[in-house]
Amino acid sequence: MRRWAPAAGWSIEPDADGLALTHSGRRMIVRMPPEVGREIVAAVGGLSSARELTSRGGEELAKLDARGVLGVEVVHEQHVLARHEPGARRVRHSPPSPYVRPVRALPSAHMRFGPDGPELAGGNSADRVVLTSTWAVEFAARLIARADVEVDSAPESELLDLLSRAGLLVTGRNQHSEEWEFHDSLFHGATRLDTSFGLYGAKIGTTHWEIDNPVRRPMTAERIALGHDDRSQEGMTLQEAISARSSLRDHGGPPIGSAEISAVLDASLRIRRLERTVASERAWRSMPTGGALSGLSAVVIAASAHDLERGAYEYDAVSHELAPASGPAPAIDRWLGLAHRLTGIPHTSIQAMVLFVLDYARPARSYDSIVYATALKEVGAALQAMALVSADRGLSFCPMGGGFATTAGLGEGIRTGAVIGEAVLGRPKGTERAGE
């Protein structure tokens with residue numbers, strides 16, 4: 001269902017002379033019958049739909065929309081999937097509806113990480129469509145990757161209406177388009193916030209890769225060394241750890257620190273042996289990886305670790321170190337808020353998060369058609385290793401099962417990359433740090 005909402009910076013309320021609009025401290029009166037003003041306020045407040053407006057109310061609503069006073073939200077089962085926020089200039093396609101199938105994105109359309117989360121924007125329009133759900137992100141990724149989109153249900157039609165309002169759509173079929181699969185659209189370069197790391201996709205052949213593909217390592221020079229301890233903390237056997245493993249959603253105990261983060265990374269992503277050749281750099285880990293060419297790396301978000309400052313840290317799997325980010329990191333609070341929604345742990349209590357990041361280019365040289373599938377298997381193996389170590393150490397470990405598309409906004413020094421897995425780590429209530 002399409003729902004009207006005030007555009008950013010605007011407020012709308014009824015007035016004795018019709019309708020009062022306020023923006024940046026300025027109050028403007030739009031003269032109309034008071035009952036029409038009340039109809040519009042009810043529609044904008046979600047109490048009625050455009051279909052229930054009188055003809056005069058519909059006309060006034062259309063005028064406000066054309067002036068950029070109103071935004072539009074797509075609501076499905078009381079959840080906002082996406083919203084359109086009009087900018088200074090408007091680009092319209094006539095007619096915007098009905099749509100000619102298939103619908104495709106303009107070449108200039110791109111996804112970026114905005115102040116309110118993932119959003120779509122076009123080079124010819126200041127309008128933007130802010131995506132507020134995983135479903136909307138996936139649907140938009142298909143469009144951005146030039147994949148045909150068949151529309152079967154109302155929420156998709158409404159989202160297409162938003163994209164059309166922002167000037168991000170064209171209609172008709174490109175007879176020379178490639179055949180794309182869904183994972184191609186998610187991990188193709190066009191869907192990434194930083195397109196400088198190449199056009200990655202399963203349809204790119206191995207002949208496109210002519211350079212070495214080394215293990216991804218942090219760019220910043222500052223490092224925090226992590227310890228290495230293979231000893232079992234609680235004296236558990238492997239079978240006991242497997243039996244004790246469970247997803248815990250309790251971070252009420254003393255904050256964890258670098259030792260606990262080191263333990264889970266040591267058991268999963270740390271590189272045990274590195275072999276450099278002329279053509280490649282193969283890295284062996286404790287989990288199986290195709291051809292020792294895993295493209296997985298990790299970013300740690302320390303929210304309340306006792307010996308790490310709050311912030312994001314990129315993991316160096318070769319040296320077993322953390323490289324801290326610097327500068328503003330607006331995405332940290334969004335990640336913690338998302339973790340709260342997915343796990344139920346209060347965002348103020350979450351102690352740490354681990355984000356799995358995929359460097360698509362590294363394994364693509366040898367496994368270009370199965371990179372995504374292989375990477376998901378590696379994430380599963382890494383999560384299991386982390387869970388077993390957490391069980392042995394009495395920690396609370398819980399995979400999240402969803403997350404934002406990239407690492408954008410986590411601070412300077414953290415390269416933008418595709419996130420394909422995430423988990424939260426902490427200490428439950430009633431336990432103490434080792435040695436206390």
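Numbering-wise, full-length UniProt numbering puts 243 at position 243 of the sequence shown, and it's gapless, one number per residue.
Ideal placement from N, C-alpha and C gives every residue a C-beta, glycine not left out.
(message) Is the separation between the beta-carbon of Arg223 and that of Ala323 shorter than 7 Å?
(response) What you label residue 223 is simply residue 223 of the sequence shown in a count that begins at 1. What you label residue 323 is simply residue 323 of the sequence shown in a count that begins at 1. Going by C-beta atoms, Arg223 is nearer than 7 Å to Ala323.
(request) Would you list the one or two residues that DSSP bridges to Phe139? (result) Along the sequence shown, read from residue 1 onward, the residue named residue 139 stands at position 139. According to DSSP, Phe139 bridges with nothing at all.
(request) Please confirm if the region 347-359 is in contact with the region 405-423, defined as three or more CB-CB distances below 8 Å between the two stretches. (result) yes
(request) Tell me where the beta strand (DSSP E) around Glu13 begins and ends. (result) Reading the sequence shown from its first residue, position 13 is the one you call residue 13. Start and end: 10-15.
(message) Taking 6 Å as the limit between beta carbons, can you name the residues of its chain near Ala5, skipping five residues before and five after?
(response) Start at 1 with the first residue of the sequence shown, and residue 5 comes out as number 5. Contacts found: Gly71, Glu73.
(message) By the DSSP assignment, the beta strand (DSSP E) with Met353 in it spans what residues?
(response) In the sequence shown, the residue the question calls residue 353 occupies position 353. Where Met353 is concerned, the enclosing beta strand (DSSP E) stretches over 352-358.
(message) In this structure, how does DSSP classify Asp316 when only helix, strand and coil are distinguished?
(response) The residue labelled residue 316 in the question sits at position 316 within the sequence shown. Asp316 falls in the strand class under three-state DSSP.
(request) Could you name the residues of the same chain whose beta carbon sits closer than 6 Å to that of Met1, not counting the 5 residues immediately before and after it, in chain order? (result) Counting from 1 along the sequence shown, the entry for residue 1 is found at position 1. Val75, listed in sequence order.
(message) Give me, in chain order, the residues of the same chain whose beta-carbon lies closer than 8 Å to that of Gly57; leave out the 5 immediate sequence neighbours on both sides.
(response) Sequence index remark: in the sequence shown, residue 57 carries index 57 (1-based). If we look at Gly57 and ignore the five residues flanking it on each side, its Cβ neighbours are Val36, Glu39, Ile40, Ala43.
(request) Answer yes or no: do Arg427 and Ile345 have a C-beta to C-beta separation smaller than 7 Å? (result) Within the sequence shown, numbered from 1, the residue matching residue 427 stands at position 427. Within the sequence shown, numbered from 1, the residue matching residue 345 stands at position 345. Cβ distance not < 7 Å, so Arg427 and Ile345 don't count as in contact.
(request) Name the two residues that bound the continuous alpha helix (DSSP H) containing Arg245. (result) Numbered from 1 along the sequence shown, position 245 holds the residue referred to as residue 245. No residue range can be given for Arg245, since it is assigned to no alpha helix (DSSP H) and is classified by DSSP as neither H nor E.
(message) Taking 6 Å as the limit between beta carbons, can you name the residues of its chain near Leu61, skipping five residues before and five after?
(response) Mapped onto the sequence shown, residue 61 falls at position 61. Ile40.
(message) Using only CA atoms, which one of Thr406, Arg67, Leu388 lies nearest to Gln239?
(response) One-based indexing of the sequence shown puts residue 239 at position 239. Nearest of Thr406, Arg67, Leu388 to Gln239, Cα basis: Leu388.
(message) What residue range does the alpha helix (DSSP H) around Arg165 cover?
(response) As a working note, residue 165 is residue 165 in the sequence shown. Element bounds for Arg165: 154-165.
(message) Let me make sure I understand the geometry here. Which of Thr431, Gly380, Leu395 has the alpha-carbon closest to that of Gly421?
(response) As a working mapping, residue 421 is identified with position 421 in the sequence shown. Looking at the Cα atoms, Gly380 is the closest of the given residues.
(message) Considering Cα atoms alone, identify which of Glu156, Ala121, Gly122, Arg128 is closest to Ala136.
(response) Within the sequence shown, residue 136 is the residue found at index 136, counting from 1. Distances from the alpha-carbon of Ala136 to those of Glu156, Ala121, Gly122, Arg128 put Glu156 closest.
(request) Taking Leu296 and Ala352 to be in contact with their CB atoms under 8 Å, please state how far apart those CB atoms are, rounded to whole angstroms. (result) Position 296 of the sequence shown, counting from 1, holds the residue named residue 296. Position 352 of the sequence shown, counting from 1, holds the residue named residue 352. Here Leu296 is actually not in contact with Ala352; their C-beta atoms are around 18 Å apart, not less than 8 Å.
(request) Decide if Met28 is buried, meaning its Cβ has at least 16 other Cβ atoms within 10 Å, or exposed. (result) Your numbering for residue 28 matches position 28 in the sequence shown. With fewer than 16 other Cβ atoms within 10 Å, it is exposed.
(request) Enumerate, from N- to C-terminal direction, the unbroken alpha helix (DSSP H) stretches of 4 or more residues contained entirely within the region 275-345. (result) 331-343
(request) Indicate whether the contact test is met: 3 or more Cβ pairs, each with one atom in the region 297-317 and one in the region 393-401, closer than 8 Å. (result) no
(message) Taking the beta carbon of Arg92 as the centre, do at least 16 other beta carbons fall within 10 Å, making it buried, or is it exposed?
(response) For the purposes of this step, residue 92 is identified with residue 92 of the sequence shown, where counting begins at 1. Residue confidence for Arg92 is low, a pLDDT of 42 falling below 50, so the modelled location carries little weight and cannot support an answer.
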